[in-house]
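Numbering (the UniProt record's numbering), first residue to last: 1 to 149.
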């Protein structure tokens, strides 16, 4: 019962964060629910899975699914993670960490890819949020969009 209450609370907070966000998508591991992110490349459905501890923090898979009827080119995105304030339920951005991820191949319509994340510095119980933003097409040296494999 406690797990369901925690999940419901996290789902409510995740919904609030995403409704107030004009750029990027917020994923709360405890919500265990995907979110949609409208990007200049198309609509993506994002979710976290297999959040587990490791020596330097946590690891997880970021699942990215194309929900449009057109291919999504190879892309990069910024991933930020951190803790939530236990009192307010809001993200603590001061100590957040970030990394850039790359999906080197295009996503065919309605297909998905799983990107492994290393979320250093926070054990799974401390990991309050993962934010995905700044999604862009990967370009080559000439500035042309990379079509992927």
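Think of the CB as a built atom: it goes at the ideal place given N, C-alpha and C, for glycine as much as any other residue.
Because the structure is a prediction, the values reported are computed rather than measured.
Counting only runs of 3+ residues, the beta strand (DSSP E) found wholly inside the region 33-97 occupies 35-39, 42-54, 57-66, 75-82, in chain order. The beta carbon of residue 102 sits closer than 7 Å to those of 76, 138, all from its chain and outside the five residues before and after it, given in chain order.
Setting aside the 5 residues that flank it on each side, residue 85 is surrounded in the same chain by 92, each with a C-beta closer than 6 Å to its C-beta; the list follows chain order. Leaving aside the five residues that flank residue 79 on each side, the residues in its chain whose CB is nearer than 6 Å to its CB run, in chain order, 99, 101, 132.
Judged by beta-carbon spacing, residue 83 lies beyond the 8 Å limit of residue 42, meaning their Cβ atoms are not closer than that value. Counting C-beta atoms within 10 angstroms of its own C-beta, residue 97 has fewer than 16 neighbours from the protein chains shown and is therefore classed as exposed.
If you draw a straight line from the Cα of residue 89 to the Cα of residue 13, it comes to about 7 Å. Sixteen is the threshold: since fewer than 16 other Cβ atoms of the shown chains lie within 10 Å of the Cβ of residue 125, the residue is exposed. Leaving aside the five residues that flank residue 33 on each side, the residues in its chain whose CB is nearer than 6 Å to its CB run, in chain order, 11.
The region 106-122 makes contact with the region 55-67; the number of CB pairs closer than 8 Å reaches 3 or more. Just measuring C-alpha positions, the residue of 5, 16, 81 sitting nearest residue 95 is 81. Judged by their CB atoms, residue 62 and residue 44 are not nearer to each other than the 8 Å cut-off. Taking residue 117 as the centre and dropping the five residues before and after it, the same chain places the C-beta of 60, 62 closer than 6 Å to its C-beta, in chain order.
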